[in-house]
Structures are given as C-alpha cells and as structure tokens.
Ligand code: NAD
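Quick look at the structure:
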C-alpha cells in the first residue's frame, strides 16, 4: 500500500514503528499485499513472515509439548485492527478470532475515535493478588494484627521466593487481610509482576507463605493461589468523540450520540443488557489477548467478577454526552496480561503479535487491549442504534456461510454477495446460489 497513509519512520528494522495506523482500503487488499505491507512497515523478512503466518506459529511437535494428549492443531484467523491511536501512539492490534466483523468493527470505531484524538489510557501498577485462604481462625482481629505486625518479614520472604522477578524490579508490595466469617480468613499478598501476567509468580508466593501465615493467624492454610479478580491491576480508557464523526447514512451525529448514551444507560440498569454490552467489549479484548499468547480465561474471569463487584452485574464501559456535545466514553476493567512468561516465550505467533502491537511493557499491552475493547463496544452500539447489528454482520457472515456451502476461490465472494443482497444468509440459499454460479460459468465456458 503506497497511498501516503502508511508513512513510517526510517529507523533500524528492529525498532521500526508505525507513524500512522490509518490504512484506508487495507481490507480490500489481497492477503499477499497485506503481508508485503506488514513486512515493509515493520522491517521483517517477507518470506520468514509468510512462513510463520502460514504455519500459525506452532509446529505439531511444539503443540505436542504445549498441552497433554495432543492430537493436532486448531487454526484460527490472525488479523490486524487498523486505525488505532492509543495515548498518541499509532499502532496495530493483532487479533485472533473466529467471528466475522470483529476486526472490521474495531477498525471502523478506531477510525471514528481518531476524530477526538484517539484513546487515552491510565493503568495501575501490575499488581497480582496472591491469596492464602485459611480455616479455623478463631480471632480474626488478632490474626489481622499478627499478620500486619510481621508485614516486612512476610514481604521479604515472598521476595525470596521470586528472585528473578525481584531482579527485574518486581516483588511483593503489600499484605492485606480479610475476615470471611465463621473462622474463614484470607491473606492477600500484592505482588508486582512487572511484565508478566503473574499467575505462576503469585502462586509461588502464596505457597511459600502458607505455613508462616497459618502459624501467625492460628488457622490452617487451605488454598494458596492467585485471585483472578485482578482489581489492583485496572486499566482505564477515556475517549471524546465529536458528534460529526458518528454520523450514519440516515442519522446525524447528534442523534447517533444520543442513541449510544441511551444504550449505555440500558446496560447500567439491566444486567441482561449489560452481559451483551460486555460481550461486545470482550470481542475485542479476547481477540488481542489470544493473539498475544495471554490467558483469556483469566481475563474473562477477572472482567466479569469486576463487572459484578457492587453486587449487580454492570457494564465495563459507559457513554455520556459531554457539555460540549462530544460523546464521552469511559472504560474500567482489570487486565492481567503479560509480554513475558506464559505462552509468549514459546509461541512465535504471540511474539509476532507483540511486535505488531509495538508494546514495551505489560501495562502498555493492557492499554492497547482495553482500547480495542472500547472500540468494539463503540462499534456495536453505533451499529445497534443505526442500521441494527445484522446489516454489517450478515454481509461479513455471508462469507462463512458461502464457505460452509462448499464455495472455493472467488466463488466465496460471489456467493456471499448474492446471499447478502438477497437478505437470505443461510446455507440453503448459499447452496442454490453456488449451483447457479457454477451453471452460469459452465454455460459461459461453452
Ligand atoms: P511465568 O511462570 O512464565 O513467570 C514469568 C517469568 O518471567 C518469571 O520467571 C520472571 O522472572 C520472568 N521474567 C522475565 N522478564 C520479566 C519481566 N520483565 N517482568 C516480569 N517477569 C519477567 O508466567 P506467569 O506470568 O507467572 O504465569 C502465567 C501463566 O500461568 C499463564 O500461562 C497462565 O495461563 C498460567 N496460570 C494461570 C492461572 C490462573 O489464572 N488462575 C493459574 C495457574 C497458572
């Protein structure tokens, strides 16, 4: 793509970063053209890049070493969200997802958000909670005092359990206690995991302190593991969008803005709506979490537990109208993700994904992921209050249906277009259109 929108800095290949992620027409390019652009923009060897992308990054031998009872591999598409600006930084977001329209929707909303300068984020320190859950704590008040009296020693002992992390500037930061009633008691050790997701690190800390904490509290350590409610590791995203940027075919920007604000209000009032609202956010979040080799179950568990933290399930992202008429979006969620450790080290695609994301730390990765979550939410709400979700979705879903009907090569696009235009995106219609197309071609060939 050479249209002036893909300017890039002339730096050494290893440091090369995008100057602009605004890539009009990227979706209309062929796969080969997109790869060629990527190789050039990031200073990667095109053949090597192609080999990794074709292989999916994981050989069958590596797969066999990754989990147990392996029989094969399961491929999913790997794609890039374009148009993103996060904290003034131009970036792509790598995505792995099976659902059509997730990538297109996030890219479209990222383009809209640029009108207000893009997404601004703020992240907490990367603190993971190591939990020691105890039974038989007869005097919770005294237990809490005893733990706090030993705070420094406990932190030092925790640090001794994770020397590699301490050498990298991380380590245990604080100790907290919670009385759960009926002799059940929790001790939390907050561990700064730097650029790691931190589950194994926190588990190591929890296990190393179990006996000592049990002795201090007079209880028995029953469970020693991290908490996935990562509420000390929050990321916040903020965006302001001028209404004009929201305008749709038949609606002014102000009307679309008001529709999005109302949709947000429904999510605040109704858990049935909030669950779907948050699913839209997780469309973007999970896809980047998977692409970067992170633990999406942990992220999902944390997100939904946080959404229910006030005793009712609530939206993770809300929208309001600012005094100047702009649409204001605010997202807050926990994101325990890493750029080191876990699968990242072993999986070449995860490493490639992190390179495309251009992130230098786990916090920067969390900022990017949460911004993509907000973009996905914005896209879904805008579609819902304008054309409805089905128009855009079905046009893209039609390709999958065409594939399922047996279309090959250019038949896929042609059949997809026909069934979408007919408003019948279903297998039966795809079969009949495919047959019709093949008949037409045979006739034309004679
Ligand atoms: P990990 O065990 O690989 O630990 C991270 C390692 O990276 C440490 O050895 C650390 O010293 C090293 N490191 C190098 N550079 C670092 C840097 N800049 N910052 C921080 N550490 C650095 O990984 P982890 O993040 O502790 O655990 C993640 C894994 O644990 C994931 O695979 C996850 O699926 C799994 N897990 C999750 C749960 C859960 O969420 N409930 C439970 C158990 C295991």
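Residue numbers (my numbering): 128 to 573.
For every residue, glycine included, the Cβ atom is placed at its ideal position computed from N, Cα and C.
In three-state DSSP terms, what is residue i?
i	result
residue 549	coil
residue 460	strand
residue 194	coil
residue 377	coil
residue 301	strand
residue 137	Interpretation of residue 137 is limited by its pLDDT of 36, a score under 50 that renders its predicted location unreliable; no figure is taken from the coordinates.
residue 246	strand
residue 474	coil
residue 130	Confidence at residue 130 is low in this model, with a pLDDT of 36, below 50, so its placement is unreliable and no value can be given for it.
residue 202	coil
residue 494	helix
residue 226	coil
residue 405	helix
residue 210	strand
residue 413	helix
residue 332	helix
residue 391	helix
residue 267	helix
residue 354	strand
residue 308	strand
residue 260	strand
residue 71	The displayed coordinates of the chain run from 128 to 573. Any statement about residue 71 would go beyond what the structure contains.
residue 542	helix
residue 532	coil
residue 435	coil
residue 289	coil
Evaluate residue i with the Cβ neighbour count: other Cβ atoms within 10 Å of its Cβ, from every protein chain shown; 16 or more gives buried, anything less gives exposed.
i	result
residue 194	exposed
residue 188	exposed
residue 210	buried
residue 556	buried
residue 574	With the chain covering 128 to 573 only, the question about residue 574 has no answer from this structure.
residue 454	buried
residue 355	buried
residue 196	exposed
residue 566	exposed
residue 344	buried
residue 438	exposed
residue 481	buried
residue 154	exposed
residue 452	exposed
residue 319	buried
residue 219	buried
residue 479	buried
Just to confirm before moving on: does the CB-CB distance between residue i and residue j stay below 8 Å?
i	j	result
residue 240	residue 507	no
residue 431	residue 184	no
residue 542	residue 561	yes
residue 312	residue 270	yes
residue 292	residue 298	yes
residue 217	residue 146	yes
residue 281	residue 347	no
residue 222	residue 390	no
residue 449	residue 505	no
residue 411	residue 289	no
residue 407	residue 503	yes
residue 324	residue 425	yes
residue 310	residue 263	yes
residue 304	residue 316	no
residue 284	residue 367	no
residue 328	residue 300	no
Within a Cβ cutoff of 7 Å, which residues of the same chain sit near residue i, ignoring the five residues on either side of it in sequence?
i	result
residue 250	362, 490, 493 and 494
residue 374	380 and 383
residue 202	183
residue 296	321
residue 570	none
residue 395	441, 442 and 445
Can you give me the Cβ contacts of residue i inside the same chain, cut-off strictly under 6 Å, excluding the 5 residues immediately before and after it?
i	result
residue 351	259, 333, 334 and 337
residue 364	246, 248, 458, 497, 498 and 501
residue 398	440
residue 357	429, 461 and 463
residue 166	173 and 176
residue 488	322
Is residue i near ligand 2, going by C-beta to nearest heavy atom under 7 Å?
i	result
residue 480	This structure simply doesn't include ligand 2; it includes ligand 1 instead.
Are any of the Cβ atoms in chain D nearer than 8 Å to that of residue i?
i	result
residue 306	Looking for chain D here will not work: only one protein chain is present.
Ignore the nearest five residues each way along the sequence and tell me which others in residue i's own chain have a CB closer than 8 Å to its CB.
i	result
residue 200	183, 185, 187 and 190
residue 559	none
residue 330	257, 351, 352 and 353
residue 546	525, 528, 529, 552, 553, 556, 557 and 560
residue 287	335
residue 224	203, 204, 206, 230, 410, 413, 414 and 417
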